[in-house]
Amino acid sequence: MKEGDENRKRRLPASERKKVILDAALSAFVEFGYHGALMDTIAERAEVTKPILYRHFSSKLDLLLAIIENAGEELRASLLLPTPSEMDWLTSIRHSVRAYFDFVTKSEAAFRLIYDTDLNVDAKARERVIQIRKSIIDVVSKVVSSYTDTSRVPQEDIDVLAVILIGMVESTVTYWMNNKDRPPEVYEQGLVRAISAILSKLPPRLAP
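In terms of the working numbering, the sequence shown opens at residue 64 and continues consecutively.
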């Protein structure tokens, strides 16, 4: 590395340096697995020394937890929908499915880390992934409730339905990601039709 490049690396703000390190760690975890990824490899990819790496993250587990947290927040944020007054339920479904595929297309490595990687590496990591998936299910449950006459449908039924819907989306996205045999729009349209058919059976919330 040239001296000028090294000086620029030293001048990176802490937040930017952390992002560079996390990106390097993510690529290493996906390529080599959590156990196979070495801190030396992560430091090399981030173009930092190991002392600087450990200054920001005390362990490889800290890196993994930070990556999982960031990916989960990004996915959850992408699924937050406008209020029911701003769009009808069918448009909301299209919005949600599109947002999910957009996230996977943009952050495939992060998605794999949450959904397609064996995380039996540590109880903290496993618990964090469970919490993230529950929070996403909670988002879906609230959206379904906002369009449903909840006086006629128990909240427990809506919560279970949210689990089923997210399971459908996860399975479809994972299949597409691993095969990419058709354009993502084909699977998006299929999901929209399937989810619409299910939700159309619920009694709609009447306008006030």
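Ideal Cβ placement from N, Cα and C applies to all residues, glycine included.
Under the three-state reduction of DSSP, P217 is assigned to coil, being neither helix nor strand. Segment contact: the region 236-255 against the region 207-224, fewer than three CB-CB distances shorter than 8 angstroms; contact not assigned. Excluding the 5 residues flanking it on each side, I156 has same chain C-beta neighbours closer than 8 angstroms at V255, I258, S259, L262, in chain order. When beta bridges are read from the DSSP output, T211 appears opposite P267. Under the Cβ criterion (8 angstroms, minimum of three pairs), the region 197-204 does not count as touching the region 170-178.
In this structure, the straight-line span from the alpha carbon of S122 to that of L228 is close to 36 angstroms.
The region 103-123 makes no contact with the region 200-212: fewer than 3 CB pairs, one atom from each, lie closer than 8 angstroms. V167 and P217 have their C-alpha atoms spaced approximately 32 angstroms apart.
Burial of L126 is indicated by the presence of at least 16 other C-beta atoms within 10 angstroms of its C-beta. Counting every other CB atom within 10 Å of its CB across the protein chains shown gives I193 a total below 16, marking it as exposed. Straight-line measurement puts the Cα of R191 at about 21 angstroms from the Cα of A87. Considering only E233, G96, P266, the residue with the shortest C-alpha distance to S214 is P266.
Between K187 and L128, the C-beta gap is smaller than 9 angstroms, which places the two residues in contact.
About 19 angstroms separates the beta carbons of E251 and R139, which is beyond the 8 angstroms limit, so they are not a contact pair. Excluding five sequence positions before and after W239, the CB atoms of its chain that fall closer than 7 angstroms to its own CB belong to P247, Y250, given in chain order. From the listed residues T104, E219, G96, F164, the smallest Cα separation to T235 is found for F164. At a Cβ-Cβ threshold of 9 angstroms, A91 and L75 do not count as neighbours. The beta carbon of A106 sits closer than 7 angstroms to the beta carbons of T112, K113, L116 from its chain, once the five residues preceding and following it are set aside; these are given in chain order.
The continuous alpha helix (DSSP H) containing G253 extends over residues 247-262. The three-state reading of DSSP puts A188 in helix, counting H, G and I together.
Closest in C-alpha terms to S170, from the list G230, N133, E110, comes N133.
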